[in-house]
Every structure is written in structure tokens, then in C-alpha cells.
Amino acid sequence: MKIIYSHLKTFLPNLNVTPQKLRDDITMIGHFTNFYEEIEGEIVFDLDIKINRGDCLGYYGLARDLSVLYNIPLIIPETNLNSSNNNLPITVTSPDVTRVMCVKISNLKVSPSPDWLVKFTKIHGVNSVNNIVDLTNYIMFMYGIPNHAFDATICGDHIIWETNNNKTKEFTTLDGTVLKLSSQNLVISNPSEVLSTDLVGGKKSGTYDNTTDIIIEVAIYNRVRIRLDSKELKTITEASTRLEKDLDPETIPLAFNELASQIIKLSGGHINSKTYDYYPNPISVPTIKYDFNSASQISGINISADFVKKTLTNLGCVIARNNNNSDEAISLVTPPPIRKDITIPEDLSEEIIRFYGYNNIPTNQPVTYKKTNNITPKILYLIEKTKDELVSQGYDEVITWPLIETPVDPKTVIRTENSINAEVIYLRQSLIPSLKNQLDQYSRYKLPNPKFFEIGKIYYQENGKYIEKYALGTYDGQEFKETILDDLVETLHATSLPYIPKVINNSAIELTSQIITLDANVNFTSPQDPLKLIEKYSAKINKNILWSMEITDIFENKYTFRVNYYNCDDKTAKKIHLSTFNLT
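This is the structure we're talking about:
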């Protein structure tokens, strides 16, 4: 997005920094600035705006950030609009309209834009049309909210926001492009025809040299609808780029009043209707319980409570005392409606650290390490160890598609909805079909003696519940060797092979029973022999239940055991585990 330095001062008249410093500071607060250059006597910055900062797709949102950074006032241009008692017969029936404001302006004169406005639109990559059209683009870039001006003589006063519902099959845009509309598209129409889509205007929605009366509108829609319409109609515009973001409906009055004021200023017209404001569901802003010490804890430096409070206040946050908590550092913070990206305490901490300055955080501080809890599911360690063993025996790992064409057991199969391939709609109940498909591919390439395995999930229904388990499948092109599983069991410190559900053609094996992994921390008074400990505790567990046991950690006289149980449910495994290691 391009920003003109002089127009940024519309909101920040006290801004007085060099272009180079402004470039660096904008980048430091998170809006990466590619470069700045001089175009027709104007300093122009090129910014990359993050996808969650739709508010900064206009000068106003960026100015809010810079106001906090430089601690200078944010000035909203004053507008003084006359009123009228004439009603404007606007109708909104589409649920995809978040907010829309309209007013009629009469007796205006359409003319070429002044030089400053022509230069502004040109720098932003938009062709100058006339003073009315150029001002609608100007307001879109300044406030980040798209808008439009309809010729009231052509369109009439009764403008309708509605779902197309097959009212119009084809629509011709201002530039002559023909769009095929669906029944779900959001359109703006009058009682007889569609005037505009939510993305682009039509031939009868423009303003021309002989236009004298217009209806201006500033609106925000359901961004999901915008995204769907943009994709369906293959239309991407400056308007759609903004409307598909989570824009702030509370900013609409600012943009609306400035648009009306500028049009009257440049065209000589006057307000000829009441302001129509459709806003059925005002937004609800979350209140966040926030600890003023959080930013310091995250950054590792001391950020004063005064700086935290000042920053949040300058951002537009409302801070209230949390009467339910005796800790004075904890407050209730309500972010401004325009900041849709602030929803959790971590977002507030990010804002504080951002304006404190990432460059002010020392890089030479000693690092304090804190051991965090291991949240990796224990079954994954067993899977990795199994993979390593099979690879060491010459097997290649394959990963196959979990969808299949023909189920193994139609009674327990799970059927998917909206499969990407209509021919494969079932989740696999076994790895064997997948391995056979893989073998077919090897055969086509005439690879000799293929050996491969897969560890993946299988899926089925049981008693009305969806169940998924990990399974191991192997294939050996040579004569099947019974020692494959024996070697695997021995490597995993399992006492026996308790269950082999399937053996296919003496060369493919699948293990599907559930494995339950539990840890135990045992303290001893003196150092122990790990092998003897494993023998001791393994002997206490039925060999038909014990899959494997190992010691994963030794610290002084504390030993951590990891035990994998097989062919039993969670409750049974835990009971045996507690009894084996005398845990309470």
C-alpha cells in the first residue's frame, strides 16, 4: 500500500520526522516499509500491511499507530453538514450488510478534479475520472473503507441492498466486462434492475458530466460473502481487497461525513435528505482481563506500569479496575472497535512491546532456561523408534492416502462428505489396501525386491462412535521372515508379540491393536542397574499386556520408566501401572 507523507499529516499535523526515520519507525512497529521515493514532489512510502491489520489499509489506521508511537495528537478533520427533512427510501434486505450510511446531495456540479486530487489518485494507481469519482477513491484510501456515488437521476432514490436470488443472470460493469451472477451474490439495485455488485459498479451506477444529484453510500459487508463473490466473479479490486478484511463499522461515520463534506466543498452541492444509517447489530468489543506485568514477563525487561497504561490509553483502550481481583496490576481492558486483531491478553502485550520498541530490548542479556512440560503424545516416541528399527532392516517408509474406494467391512466403514475425489469416499479400515496400491506402483517401475512399511491411522465405527488408531503395515517382496516382528519386539524391549491380527500372502503384516503409553518416576536410595530394573518390573506385568518398557531419563537416583501396554483399555493399564511401580 502506498502512503503519501503530506497526506498522512491530515491526521497528524504535528508529525515532524525525516522520511528515513519514518520509514524505519513504521517498519519497527510492524508495517514493513519496502522503500520510499519522490513522485511529483511527494514523498511516497510503499508498505506491506499484515493480513490481520485491515484497519491500516487506510491512512487513518496507520496514523493511529504513529500517534501512539510519537505521542502526538490524532486529529480528525472537522465536518459541518447541513441537514434535511427529506426521507431517503433506502431498503436493506440482505443479511450480509453489516452497516450502510447514505445521503442525497443535490445541485452539485461534476467537473475535473483539482491538481492535488489528480496527483493523489495517480500515485495510488487509479485514473482520474471527475471530482466526484476521485473523491470516493480518496476517501477509500484515506479511511480504508470503500464507498460509491450513484447518479440519483439515473438510479432513482430507492436503492436496495439485496441477495440476487436469480434476479439478474448477467451484469455489465463500468468498464464493459460481463459478469455472470449467481443467486447468492450480494447486489445493489433499484426496483427494476441491478445497479452494482458488492465489488464493482455497473454502467448505470456511475456519475457523469451532466450529473446534478447523487446518493453517496459508505458500507461494510460480511467479509465471507465478499470473498466468495470475489472468487466466483473472478474480480479483485481495491474495494474487494479491503472489504474482505474485518473492517470497523464504527469508522463508517468518519469516512461518510468526510466524503459528504469534500463533495460539497468541491462541487457546490447541498444535503437534500436525512442521513440513512442501517446498523442492525452493533459490534460487541471483548473486555480482556490483563495483568500489567505481562509485557515485562514476555519481553524479559522491566516495562513500567505507567508506560503500559499510557500506551493502552493512547491506543484507544478503556481501562477499568477489576473489582473481583485484589491484585492491583490486573485490570479490565476494552480495546477500540477498530482494532479487531486485539482479542486476548497476549495481543495487548504485543502492542505494548511493539511501541516500547523491539530495538530497545537488549540482546546480550543472559538467557534463563525453564524446562517446560513435554506435551508430545507418548505414542509418537514409540512410532519414531519403530520407524528407525524398520529402516535399519532395509525397509522404506511410505505414506499413502487415507481414502479408499472399497471398504474392508461395510458395516463399520466411515464415509466422508465432500471428498476431493468422488471415487474414493471411505476412510481406510486397514493399511493393507494402501500397501497393495503402493506395491502396484513399484511393479509398474519394475523395482526388484521392494520392502516398505507404513505407520498411519485407520478408522472405523464402533457402537455409534468414530474411532481412529495407529496401525503398522509392512511388505517384504521376499519370502516372509517371521524374525521381522521378533527383531522389532526385541528392539522395543517388548517381552513378546501379543497380537497379530492380519497376515496377507505371507509377506504383508498389519498390527492394529491399541497401545497405551504411561510414564512412572521412581526414586531409589542408591544408583541402580537399568537392565535389572527393567527385568524386575517387566516380570510384574502379564506378558500378554506388556508391549515394551524402557528407561527414558535418569537424574541422580530418580529413574523415569516409559511403559507401553497392549490389548487392554486405559483403565486397566493405569491400574496395572500404579500397582507395578507402587504409585499412589
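Terminal number for the sequence shown in full-length UniProt numbering: 584, no gaps in between. Backbone N, C-alpha and C fix where the C-beta goes; we use that ideal spot for every residue, glycine too. Note that the structure is predicted; figures quoted are calculated from it, not measured.
- Annotation note: the stretch 4-34 contains the following uninterrupted alpha helix (DSSP H) runs of length 4 or greater, listed N- to C-terminal: 5-8 and 19-28.
- Under the criterion of beta carbons closer than 8 Å, residue 355 and residue 26 do not qualify as touching, at roughly 13 Å.
- For residue 179, the three-state secondary structure derived from DSSP is strand.
- At a cut-off of 3 residues, the continuous stretches assigned as beta strand (DSSP E) that sit fully inside the stretch 538-564 are 546-555.
- Residue 192 carries a coil assignment under DSSP once its states are collapsed to helix, strand and coil.
- With a contact defined as Cβ atoms closer than 8 Å, residue 111 and residue 272 miss out at about 19 Å.
- In this structure, 133 is the residue among 565, 133, 234 and 174 with its C-alpha nearest to the C-alpha of residue 215.
- Annotation for residue 352: 295, 308 and 311 place their beta carbon closer than 6 Å to its own, counting only its chain and skipping 5 residues before and after.
- Sorting 245, 288, 458 and 45 by C-alpha distance to the C-alpha of residue 344 places 288 at the top.
- Taking a cut-off of 8 Å on C-beta distances, the stretch 43-52 does not touch the stretch 148-164, as fewer than three cross pairs fall below it.
- The three-state secondary structure of residue 161, taken from DSSP, is strand.
- Residue burial is scored here from C-beta neighbours: residue 172 has fewer than 16 other C-beta atoms within 10 angstroms and is therefore classed as exposed.
- DSSP places residue 82 in no alpha helix (DSSP H); its state is neither H nor E.
- For residue 70 and residue 59, the gap between their C-alpha atoms comes out near 16 Å.
- Distance from the CA atom of residue 529 to the CA atom of residue 396, rounded to whole angstroms, is 36 Å.
- By the neighbour-count definition (other C-beta atoms within 10 Å, threshold 16), residue 262 is a buried residue.
- Spatial neighbours of residue 413 in its own chain (CB-CB distance under 8 Å, excluding positions within 5 residues in sequence) are listed in chain order as 407, 426, 427, 429, 460 and 461.
- In the DSSP assignment, residue 142 falls within the alpha helix (DSSP H) that extends over 131-143.
- Distance between residue 237 and residue 299, taken at the CA atoms: about 40 Å.
- Fewer than three Cβ pairs drawn from the stretch 240-251 and the stretch 113-129 lie within less than 8 Å of each other, which leaves the two stretches out of contact.
- In the DSSP assignment, no residue is bridged to residue 568.
- Contact annotation, residue 221 with residue 98: C-beta distance approximately 6 Å; criterion of less than 8 Å satisfied.
- Closest by C-alpha distance to residue 285, out of 533, 335 and 316, is 335.
- Here the stretch 554-571 makes contact with the stretch 532-545; the two share three or more CB pairs at distances below 8 Å.
- Each of 566, 264 and 391 was checked against the Cα of residue 109, and the nearest Cα belongs to 264.
- Taking the Cβ atoms as the reference, residue 100 lies roughly 14 Å from residue 239, outside the contact range of under 8 Å.
- When the five nearest sequence neighbours on each side are left out, the beta carbons in the same chain lying within less than 8 Å of the beta carbon of residue 79 are those of 257, 258, 260 and 261, in order along the chain.
- DSSP links residue 270 through a beta bridge to 106.
- The three-state secondary structure of residue 297, taken from DSSP, is helix.
- Closest in alpha carbon position to residue 254, among 359, 217 and 234, is 217.
- Here the alpha carbon of residue 385 sits roughly 12 Å from the alpha carbon of residue 550.
- Per DSSP, residue 247 has no beta-bridge partner at all.
- Apart from the 5 residues on each side of it in sequence, residue 179 sits with its Cβ closer than 6 Å to the Cβ of 171 and 233 in its chain, given in chain order.
- Excluding five sequence positions before and after residue 318, the CB atoms of its chain that fall closer than 6 Å to its own CB belong to 334, given in chain order.
- The beta carbon of residue 185 is closer than 8 Å to those of 163, 164, 197, 198, 229, 232 and 233 in its chain, skipping five residues each way along the sequence.
- A straight line joining the alpha-carbon of residue 567 with that of residue 302 spans about 54 Å.
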